[in-house]
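In terms of the UniProt record's numbering, the sequence shown opens at residue 1 and continues consecutively. Glycine included, every Cβ here is placed at the ideal spot set by N, Cα and C.
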Amino acid sequence: MMTTVADVMTRNVMGIEEKESIMDALKKMKKLRIGCLVVVDGKEAIGILTDADILFKVVSEEKNLSKITVGKIMSKPLITISPDASIDDAAKLMTMNRIKKLPVVGESGKLIGIITATDLIAHSPEFSDILLQMKPPGGATFGA
1 MMTTVADVMT
11 RNVMGIEEKE
21 SIMDALKKMK
31 KLRIGCLVVV
41 DGKEAIGILT
51 DADILFKVVS
61 EEKNLSKITV
71 GKIMSKPLIT
81 ISPDASIDDA
91 AKLMTMNRIK
101 KLPVVGESGK
111 LIGIITATDL
121 IAHSPEFSDI
131 LLQMKPPGGA
141 TFGA
């Protein structure tokens, strides 16, 4: 039987509005001990904000964390996956796009979960060789 994204994904994903500040986003990420927030407009996922986005686009540029909004630095267009897709498809999509987090959206574009490279590796260790070797744009290597 094929394992689907819905079988492995994390539900109850924390979202953030694009008008909120990076400082607010960081506080939320720290409190929840997570590395990304999905940017939403209502219930629709429109972008993603990762710890790497904040590091490379804000901190390294010495910008004011309270004055920059999430919408200014979020990654978009958002690459998403269906809950019915296979975990093999999720791994391929991550590898092709050099990303480690995929928001899961329903037919209406509503955010229903997230699947990460860590989730895939925990479920199927054979994915580790592919996903851990991936380098994000810019060349640095990050853990899953």
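- For residue 5 and residue 80, the gap between their C-alpha atoms comes out near 11 Å.
- Sequence-distant Cβ neighbours of residue 119 in its own chain, meaning closer than 8 Å and more than five residues away, are 8, 9, 10.
- Judged by DSSP in its simplified three-state form, residue 43 adopts coil rather than helix or strand.
- Here residue 53 is buried, its C-beta having at least 16 other C-beta atoms within 10 Å.
- Straight-line measurement puts the Cα of residue 74 at about 19 Å from the Cα of residue 112.
- It is roughly 26 Å from the alpha-carbon of residue 23 to the alpha-carbon of residue 105.
- Residue 103 sits close to residue 114, with the two beta carbons spaced by under 8 Å.
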